[in-house]
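Just so we're aligned: 59 in UniProt numbering is position 59 of the sequence shown, and the numbers increase by one with no gaps anywhere.
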Amino acid sequence: MIKMERINKIYRPQSNPVHALQEVSLHIEGGDFVAVMGPSGSGKSTLMNVLGCLDTPSSGTYWLGGIEVSSMNSDQLASIRNRKIGFVFQNYNLLPRMTALRNVELPMLYAGVENKKRQARALDCIEQVGMLDRIHHRPAELSGGQCQRIAIARALVNSPDIILADEPTGNLDSASSLEIMHIFQSLHRNNTTIILVTHEAEIAAFARRVLHFRDGRLTADEILSPQHLKKTPLPKGGEDI
Ligand SMILES: Nc1ncnc2c1ncn2[C@@H]1O[C@H](COP(=O)(O)OP(=O)(O)OP(=O)(O)O)[C@@H](O)[C@H]1O
Ligand SMILES: [Mg+2]
Numbered sequence: 001m002i003k004m005e006r007i008n009k010i011y012r013p014q015s016n017p018v019h020a021l022q023e024v025s026l027h028i029e030g031g032d033f034v035a036v037m038g039p040s041g042s043g044k045s046t047l048m049n050v051l052g053c054l055d056t057p058s059s060g061t062y063w064l065g066g067i068e069v070s071s072m073n074s075d076q077l078a079s080i081r082n083r084k085i086g087f088v089f090q091n092y093n094l095l096p097r098m099t100a101l102r103n104v105e106l107p108m109l110y111a112g113v114e115n116k117k118r119q120a121r122a123l124d125c126i127e128q129v130g131m132l133d134r135i136h137h138r139p140a141e142l143s144g145g146q147c148q149r150i151a152i153a154r155a156l157v158n159s160p161d162i163i164l165a166d167e168p169t170g171n172l173d174s175a176s177s178l179e180i181m182h183i184f185q186s187l188h189r190n191n192t193t194i195i196l197v198t199h200e201a202e203i204a205a206f207a208r209r210v211l212h213f214r215d216g217r218l219t220a221d222e223i224l225s226p227q228h229l230k231k232t233p234l235p236k237g238g239e240d241i
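If you want it as structure tokens, here you go:
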């Protein structure tokens, strides 16, 4: 699904270059659940931007679903991004004037999906995150955890192969964080590939594999043992555990 070979990303190469990613090689199978950890400034968001085709590497090769994307132009990258990738961000990135339903419909509006089909698909995704009772609320009328659930529904509408989530629980209390992680866990069970940045070990424990970054380098690649996974809380219909 994902293969990177000796990826480097250098910001501002002319003056004060920052080596945000250094010689990163990695392979992620379809359907895996991967957490990315590391100190602030270690290159996690830069990695997510490259993985999500929001940015191109300075050197190295990146294959996504068998296609080499590292040398594509921005139009080609946008097309790959829209078809294959769903993004979830720490601050939700919902449009404040729009209802939850309209926010979820938005990616399909851009893709030219017809009205009825659009709404049906949006409602389907909103149901998956348990938010059907809040579809006419605006973001300011929702809790942080509810906003994040709507943002996940929005990420799902184009049936992405991969969900990229950069600190999706960073602004949430622990109960809401667990609810969000249960949603990711159920998406993982449905075979969606999930790559998630977190600072918290308890959040990373939901993943199957943890990549550790330091100074732009991949320093450890950890497979969580089945024993460890057994300790992972299982979904309980969204209630606190
Ligand atoms: N657009 C940019 N231009 C120049 N330097 C950048 C840019 N974006 C990031 N950097 C630098 O690249 C390095 C890696 O940044 P990145 O945002 O990937 O870190 P991070 O691991 O996500 O950190 P955090 O945990 O704080 O979010 C940092 O030193 C940062 O200052
Ligand atoms: Mg970051």
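Ideal placement from N, C-alpha and C gives every residue a C-beta, glycine not left out.
Predicted model only: the values in this text are computed from it and were never measured.
Hey, how far is the Cα of residue i from the Cα of residue j?
i, j, result
"A165", "A151", "10 Å"
"I183", "S15", "43 Å"
"P13", "Y62", "20 Å"
"A205", "M181", "10 Å"
"E141", "P17", "43 Å"
"T193", "R97", "31 Å"
"D32", "R209", "8 Å"
"E200", "S40", "12 Å"
"R121", "V36", "30 Å"
"Q185", "I126", "16 Å"
"Q179", "I80", "Rather than Gln, the amino acid found at residue 179 in this sequence is Glu. Rounded to the nearest angstrom, the two C-alpha atoms are 30 Å apart."
Which of helix, strand or coil does DSSP assign to residue i?
i, result
"H137", "coil"
"D173", "coil"
"V129", "coil"
"V69", "coil"
"A120", "helix"
"R6", "strand"
"S79", "helix"
"L21", "strand"
"S59", "strand"
"residue 275", "Here the chain comprises residues numbered 1 to 241, so residue 275 is not present and cannot be evaluated."
"V36", "strand"
"V210", "strand"
"R102", "helix"
"L187", "helix"
Might you give, ordered along the chain, the residues of its own chain that have their beta carbon closer than 8 Å to the beta carbon of residue i, omitting 5 neighbours on each side?
i, result
"G216", "K9, H19, A20, L21, Q22, V24, S42, G43 and T46"
"A111", "N82 and N158"
"H27", "I2, K3 and M4"
Which same chain residues end up closer than 6 Å to residue i when comparing Cβ atoms and leaving out the 5 residues on each side of it in sequence?
i, result
"V88", "A151, I152, A155, A165 and P168"
"Y11", "V18 and A20"
"L77", "C53"
"A100", "R134, I135, H137 and I150"
"residue 252", "Nothing can be reported for residue 252, as the shown portion of the chain is limited to 1 through 241."
"V129", "R149, I152, A153 and I183"
Can you find the residues in the same chain that come closer than 7 Å, C-beta to C-beta, to residue i, ignoring five residues on each side of it along the sequence?
i, result
"K84", "L64, G65, P160, D161 and I162"
"Q146", "M131 and R134"
"D55", "N49"
Which one of the options has the shortest CA to CA distance from residue i?
i, options, result
"N171", "S79, G86, Y92 and A78", "Y92"
"residue 258", "S176, R214 and D221", "This structure leaves residue 258 out entirely; the chain is present only between 1 and 241."
"G60", "I67, S71, L54 and C53", "S71"
"D173", "S58, E127, V113 and G144", "G144"
"I7", "N190, E222, L218 and L224", "L218"
"P139", "V50, N103, E222 and L123", "N103"
"G86", "L196, A207 and L224", "L196"
"F213", "E222, G38 and L123", "G38"
Comparing the C-beta of residue i with each C-beta of chain D, is any distance below 8 Å?
i, result
"H182", "This model lacks chain D altogether; it includes just one protein chain."
Self-check item: Distance cut 5 Å, beta-carbon to ligand 1 heavy atom: residue list by chain order
Solution: Output, sorted by chain position: Y11, V18, A20, S40, G41, S42, G43, K44, S45 and T46.
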